[in-house]
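A.B. asks: Okay, here's the structure, questions in a sec.
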Amino acid sequence: MQQITHYLLALYLLSHSFLLWADGQSGFKHNTDRNSYIHASMKGWQDEPDWQLRLPGLVVSSPVIAGDTVLLASENGNLYAFHHPTKAIQWIFPTGGALSATPTVHNNTVYQLSLDDHLYAVDLTTGLELWRFRTLGEQRFAGWGYLGIQADKPVTDPWDFFLSSALVHDGMLYFGSSDQHLYALDADTGKLRWAFKTGGMVHSSPALSGDLVLVSSWDGALYALDRHSGEEQWRFQTATEQRLKVWFGIQSSPVVDGDRVYMGSRDGYLYALDLQTGAKLWRYDAERSWIVGTPSFDDHSLYVGTSDTGWLLALDKTTGQERWRHRTFVWTFSSPLVFDGQVLIASMRGDMLLLDSSSGELLQAYRTETATADRYQVMHAESGRFDYQRLGQNDWRHDSYAIMQRILHNGGFLATPTVHNNQLYITSTDGVLLRFVLYVDNE
Numbered sequence: 210m211q212q213i214t215h216y217l218l219a220l221y222l223l224s225h226s227f228l229l230w231a232d233g234q235s236g237f238k239h240n241t242d243r244n245s246y247i248h249a250s251m252k253g254w255q256d257e258p259d260w261q262l263r264l265p266g267l268v269v270s271s272p273v274i275a276g277d278t279v280l281l282a283s284e285n286g287n288l289y290a291f292h293h294p295t296k297a298i299q300w301i302f303p304t305g306g307a308l309s310a311t312p313t314v315h316n317n318t319v320y321q322l323s324l325d326d327h328l329y330a331v332d333l334t335t336g337l338e339l340w341r342f343r344t345l346g347e348q349r350f351a352g353w354g355y356l357g358i359q360a361d362k363p364v365t366d367p368w369d370f371f372l373s374s375a376l377v378h379d380g381m382l383y384f385g386s387s388d389q390h391l392y393a394l395d396a397d398t399g400k401l402r403w404a405f406k407t408g409g410m411v412h413s414s415p416a417l418s419g420d421l422v423l424v425s426s427w428d429g430a431l432y433a434l435d436r437h438s439g440e441e442q443w444r445f446q447t448a449t450e451q452r453l454k455v456w457f458g459i460q461s462s463p464v465v466d467g468d469r470v471y472m473g474s475r476d477g478y479l480y481a482l483d484l485q486t487g488a489k490l491w492r493y494d495a496e497r498s499w500i501v502g503t504p505s506f507d508d509h510s511l512y513v514g515t516s517d518t519g520w521l522l523a524l525d526k527t528t529g530q531e532r533w534r535h536r537t538f539v540w541t542f543s544s545p546l547v548f549d550g551q552v553l554i555a556s557m558r559g560d561m562l563l564l565d566s567s568s569g570e571l572l573q574a575y576r577t578e579t580a581t582a583d584r585y586q587v588m589h590a591e592s593g594r595f596d597y598q599r600l601g602q603n604d605w606r607h608d609s610y611a612i613m614q615r616i617l618h619n620g621g622f623l624a625t626p627t628v629h630n631n632q633l634y635i636t637s638t639d640g641v642l643l644r645f646v647l648y649v650d651n652e
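Going by this note's numbering, the sequence shown runs without a break in its numbering and finishes at 652.
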């Protein structure tokens, strides 16, 4: 019976193969507009992953597929390349700092930003360094009096998970830096073309449309720059200052949709702006919940997760009106992956959910082994939310970094899933790469 099932599955996959990404590069959300929309209907996946691969370190970045190679960037400072048909390791490229950015691949070159203050260009085939570019310093965001503690010195934000992922277009490489700049480099040589200074750290990933490159900053602003010169065309300012400074800044990356650009903010709103002028078209109130993940869209709706309120939201693209919401219970910072009629989202509870994009109805769910076992005792069994009392306190003003380490080791998801040849790849925060066989229909 098992042999018959495998045979039928093989026939199905052969008859429903489809091309997924075609923007000339692989990386965070693959496309220069930073959307994740696959023009095929997702029927689900095999209940369990067909293989797993564990790394010796935490992972907050997303897996990237380039041909037969899967690239994984780890918080242990190593960039890994595996031959995904066999899981054989091809090479390891060590850096001197944590790798919190998703790697970008273009023309057989891998671009990777590290907390050791360098952006590296690495040969995809050999893993050898081609060149490196030094920034003025990479670090996590820190605020004075953050969360109401230690007002005499900066306090590091435990939720600042990501660094900027590079974007390559027309021979230029763009990426943001903790030194407050958006950099434009020659993609072949690493030579600086221009640098634009914002008012805060730039940990979001840039998007591009026409002659505009867009990036958001921890100063709470979205910037639109001329991609050739770096000259500012417009900026849009969100709310920036609250009593505890907990809403400050933008982590979400902008997403371009025709003549509109969408972005989330830690001021508790999701924005739609006019691409050419930066004028606000609408604003969605996320009920004081951060929008950290990057939105994705289809022909009608915009999808994005929230933080403490624990929702996946579906909004009307034109009006910003809510169409539906689905409870995820916890931080949902992964970016949605959209299909024709379905949307897939992963959360820090270790859940991967497939929903009907019209109604929000749950179609299929998977939870990681570590999260199911709750090995680090972070979940409340009845509510399905984080159990802050069992974590040892009732707020985040004490031991927040130790608590965050327990949560990250508990097998949740910060990574955005990627699809290649009818297989889905996603990495859990405890460093496990999962691969699922998909059932799809592109007819």
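Idealized CB from N, CA, C, for every residue including glycine.
These numbers were taken from a predicted model, which means no experiment stands behind them.
Out of T486, S510, A275, state which residue places its alpha-carbon closest to the alpha-carbon of K526.
C.D. replies: S510
A.B. asks: Tell me whether S386 sits in a helix, a strand or coil according to DSSP, three-state version.
C.D. replies: S386 sits in coil when the DSSP states are folded into three classes, being neither helix nor strand.
A.B. asks: Locate the alpha helix (DSSP H) running through E578, then write down its first and last residues.
C.D. replies: 578–582 is the extent of the alpha helix (DSSP H) around E578.
A.B. asks: Could you please give the first and the last residue of the uninterrupted alpha helix (DSSP H) stretch that includes S609?
C.D. replies: 609–617
A.B. asks: How is W520 classed by DSSP in three states: helix, strand or coil?
C.D. replies: Under the three-state reduction of DSSP, W520 is assigned to strand.
A.B. asks: When you compare each of R343, L372, Y597 to L623 by their alpha carbons, which one comes out closest?
C.D. replies: Checked all of R343, L372, Y597; the closest Cα to L623 is L372.
A.B. asks: Measure the beta-carbon distance from S505 to S462 and round it to whole angstroms, keeping in mind my assumption that it falls under 8 Å.
C.D. replies: Separation of the CB atoms of S505 and S462 is rounded to 11 Å, and the pair is thereby denied contact status at 8 Å.
A.B. asks: Is V364 helix, strand or coil when you go by DSSP?
C.D. replies: strand
A.B. asks: Bridge partners for T313 per DSSP, in chain order?
C.D. replies: Paired residues: Y320.
A.B. asks: Taking only the alpha-carbon atoms, compute the straight-line gap between K252 and N619 and give it to the nearest angstrom.
C.D. replies: 28 Å
A.B. asks: Alpha carbon to alpha carbon, what distance is there between L345 and V649?
C.D. replies: Separation of V649 and L345 (C-alpha to C-alpha, rounded to the nearest whole angstrom) is 46 Å.
A.B. asks: Ignore the nearest five residues each way along the sequence and tell me which others in Q614's own chain have a CB closer than 6 Å to its CB.
C.D. replies: none
A.B. asks: Could you work out which residue in D639, R532, V646 is closest to S271 when comparing CA atoms only?
C.D. replies: D639
A.B. asks: Which residues bound the beta strand (DSSP E) around L337?
C.D. replies: No beta strand (DSSP E) holds L337; DSSP gives it neither H nor E.
A.B. asks: Using only alpha-carbon positions, find the residue among Q442, H327, H315, V424 that is nearest to M381.
C.D. replies: Answer by Cα proximity: H315.
A.B. asks: Which class does F371 belong to by DSSP, given the choice of helix, strand or coil?
C.D. replies: coil
A.B. asks: Go ahead and label I298 buried or exposed: buried means 16 or more other beta carbons lie within 10 angstroms of its beta carbon, across all protein chains shown.
C.D. replies: exposed
A.B. asks: Skipping 5 residues on each side, what residues in its chain have a beta carbon closer than 6 Å to that of Y383?
C.D. replies: L376, A393, P415, V422
A.B. asks: With 16 as the cutoff for other CB atoms within 10 Å, does T581 come out buried or exposed?
C.D. replies: exposed
A.B. asks: Below 8 Å between beta carbons: does that hold for D428 and A448?
C.D. replies: no
A.B. asks: What number of angstroms, rounded off, separates the C-alpha of S474 from the C-alpha of T398?
C.D. replies: 34 Å
A.B. asks: Grouping DSSP H, G and I as helix and E and B as strand, with all else coil, what is D188?
C.D. replies: Absent from the structure is residue 188, since the part of the chain shown begins at 210 and ends at 652.
A.B. asks: State the DSSP-derived secondary structure class of S510, mapped to helix, strand or coil.
C.D. replies: Reduced to three states, the DSSP call for S510 is strand.
A.B. asks: Does the distance from the C-beta atom of G336 to that of I301 stay below 8 Å?
C.D. replies: yes
A.B. asks: Pull up the CB-CB distance for L333 and S323, whole angstroms please, since I reckon it's below 8 Å.
C.D. replies: Between S323 and L333 the Cβ distance is about 17 Å, and since that is not below 8 Å, they are no contact.
A.B. asks: Buried or exposed: T365, going by 16 or more other Cβ atoms within 10 Å of its Cβ?
C.D. replies: T365 comes out exposed.
A.B. asks: Can you tell which of K238, G419, N240, H248 has its C-alpha closest to the C-alpha of N631?
C.D. replies: Of the candidates K238, G419, N240, H248, the one whose C-alpha sits nearest the C-alpha of N631 is H248.
A.B. asks: Leaving out the 5 sequence neighbours to the left and right, which residues in its chain are closer than 6 Å to F291 when beta-carbon positions are compared?
C.D. replies: Exclusion of the five residues before and after F291 leaves V279, I298 as the residues of its chain whose Cβ lies within less than 6 Å of its Cβ.
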